[in-house]
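The working numbering puts the first residue of the sequence shown at 107, with every later residue one more than the last.
Beta carbons are placed, not taken as given, at the ideal position from N, Cα and C, and that holds for glycine.
Keep in mind the model is a prediction, meaning the values are calculated, not measured.
For reference, the structure discussed in these notes is given below.
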Amino acid sequence: MYMRGFAGLMCVGVMVAAVSCGGGSPAAPTSVSSGSTTTPSGGTGTGTVSVAYTQDVKPVLDADCVRCHSASNARAGVDLSSYASTMRVVQAGSASSLLVRVTQSGGSMYTYLSGDRASKSSLIRSWVVDNGAAQSR
Ligand code: HEC
107 MYMRGFAGLM
117 CVGVMVAAVS
127 CGGGSPAAPT
137 SVSSGSTTTP
147 SGGTGTGTVS
157 VAYTQDVKPV
167 LDADCVRCHS
177 ASNARAGVDL
187 SSYASTMRVV
197 QAGSASSLLV
207 RVTQSGGSMY
217 TYLSGDRASK
227 SSLIRSWVVD
237 NGAAQSR
């Protein structure tokens, strides 16, 4: 399941990413890769992002997308096999990122999501929009 990423999905944990809660503002999103990925920075335990590429999103892309979107087989020029190449179809903080649009219900790649499609779709959206497309947590 992909529920673990949803625990603090709303506002908790986005402090590091500096992404305004629920906002569509792409003002200050940066890829959060500040060294401390395993140890919460503050004393509260909420100093890290809740959804990240390496731990949450990459497994989904590897399972459902990379067979058609790798470096050697990049359909539509899209390579989803690494963080750097995936970021070409992602604008951190923006729900209109190509990756978000195609994996939403009704999007052209939505049906390729296996298993719990709705959760995976939400996970990708949350990663991009609410977690600044962070590489790891
Ligand atoms: C069976 C092969 C296949 C799989 C699996 C697949 N795709 Fe695609 N994808 C394509 C093809 C072919 C295109 C180009 C035609 C189109 O847009 O439908 C494409 C296009 C895209 C585009 C560009 C769309 C655009 O409008 O420019 C993105 C982004 C994308 N795919 C993401 C994904 C994601 C994310 C997944 C996994 C959930 C995925 N794809 C799974 C074959 C695939």
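Task: Which residues DSSP lists as bridging ALA180, in chain order - done: HIS175
Task: Minimum C-alpha distance to GLN197 - residue among PRO165, ILE230 and SER214 - done: ILE230
Task: Best match in ALA158, SER156, TYR159 and ALA169 for proximity to GLY221 [C-alpha to C-alpha] - done: ALA169
Task: Extent of the continuous alpha helix (DSSP H) to which ALA224 belongs - done: 223-231
- [ ] Look up GLY148 in the DSSP assignment and say whether it is helix, strand or coil.
- [x] Note on GLY148: pLDDT 36, under 50, position unreliable in the model; the coordinate value appears next. Correct three-state label for GLY148: coil.
Open item on the list: Taking the beta carbon of ARG243 as the centre, do at least 16 other beta carbons fall within 10 Å, making it buried, or is it exposed?
Closed with: buried
Task: Whole-angstrom distance between THR160 and GLN210, CA atom to CA atom - done: 21 Å
- [ ] State the Cα-Cα distance for the pair VAL157 and ALA224, rounded to the nearest angstrom.
- [x] Roughly 16 Å between the two C-alpha positions.
Open item on the list: In whole angstroms, give me the CA-to-CA distance for VAL184 and ARG207.
Closed with: 14 Å
Task: Host alpha helix (DSSP H) of THR154 (start-end) - done: Premise fails: THR154 is in no alpha helix (DSSP H) and is neither H nor E.
Task: Continuous alpha helix (DSSP H) stretch holding THR209: start and end - done: 204-209
- [ ] Look at the Cβ atom of VAL163, then the Cβ atom of TRP233, and state whether they are nearer than 7 Å.
- [x] Cβ atoms of VAL163 and TRP233: closer than 7 Å.
- [ ] Mark THR217 as exposed unless 16 or more other C-beta atoms lie within 10 angstroms of its C-beta, in which case mark it buried.
- [x] exposed
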